[in-house]
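Numbering-wise (this note's numbering), the sequence shown opens with residue 210 and increments by one.
In what follows, a structure is listed as structure tokens, so that the remarks can point back to it.
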Amino acid sequence: MSNDASREKYLQYLTQKGLRVTNQRIAIYDAAFEQKEHFTAEQLLDYARVIDDSVSRATVYRSLPIMTESGILREVDIGSGEKFYLPITNNTTQVAQVVCVDCDKIFEISAPFMEWYGSTVSSKLGLTPISQRLQVSAHCDSLRLPGTCPRRG
210 MSNDASREKY LQYLTQKGLR VTNQRIAIYD AAFEQKEHFT AEQLLDYARV
260 IDDSVSRATV YRSLPIMTES GILREVDIGS GEKFYLPITN NTTQVAQVVC
310 VDCDKIFEIS APFMEWYGST VSSKLGLTPI SQRLQVSAHC DSLRLPGTCP
360 RRG
């Protein structure tokens, strides 16, 4: 999904929900879609304030569920107590997440087999899947072997 298509989808979603399109919401959107790696709500607040210094913490925290519900952001929970987000920039949401427990980096890889697998196991039970995820926790080989990780810190 292109940035323009995502923006239009977000604006339409806001309108459908009866929410105002404000400069703060646009700054939050723009800040989120500038990111290439996963970010937290607090990081998004910092990024958005570079664009518009009037962006409030409350607006960021209210906007994230809206952006997730509208299908333009993916929410990732790695069990650390805080959620991470990433823009959905392609048409597939079938991804596996690999979380490095040493450097706290989240990697997403395409996992087209997940749709088939979810459908297959669900249909055996007479169910239809509505969502699924695959998340793997892993140790960093670079840190374990040479003792340094280029992604850490």
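C-beta atoms are modelled at their ideal positions from N, C-alpha and C, and glycine is treated no differently.
In this structure residue 247 is buried. Its beta-carbon is surrounded by 16 or more other beta-carbon atoms within 10 angstroms. The beta carbon of residue 212 lies closer than 7 Å to those of 242 in the same chain, with the five residues before and after it left out. The straight-line gap separating the alpha-carbon atoms of residue 297 and residue 251 is approximately 19 Å. Of the other Cβ atoms in all chains shown, 16 or more fall within 10 Å of the Cβ of residue 327; this residue is therefore buried.
For the pair residue 256 and residue 284, the Cα-to-Cα distance works out to about 18 Å. Under DSSP, residue 283 shares a beta bridge with 295.
Around residue 287, the same chain offers 308 as residues with beta carbons nearer than 6 Å, after the five sequence neighbours per side are excluded.
Residue 315 has 308 as its beta-bridge partners, per DSSP.
Just so you know, the alpha carbons of residue 343 and residue 325 end up roughly 13 Å apart. Here DSSP, grouped into helix, strand and coil, assigns residue 343 to strand.
A Cβ-Cβ separation of about 4 Å places residue 279 in contact with residue 222 under the 8 Å criterion. For residue 259, the enclosing alpha helix (DSSP H) covers residues 250-260. Its Cα nearest to that of residue 354, the residue 311 stands out among 315, 316, 311, 337.
With a contact defined as Cβ atoms closer than 8 Å, residue 306 and residue 315 qualify at about 6 Å. Taking the Cα of residue 349 as reference, the smallest distance to any Cα among 313, 282, 220 is reached at 313.
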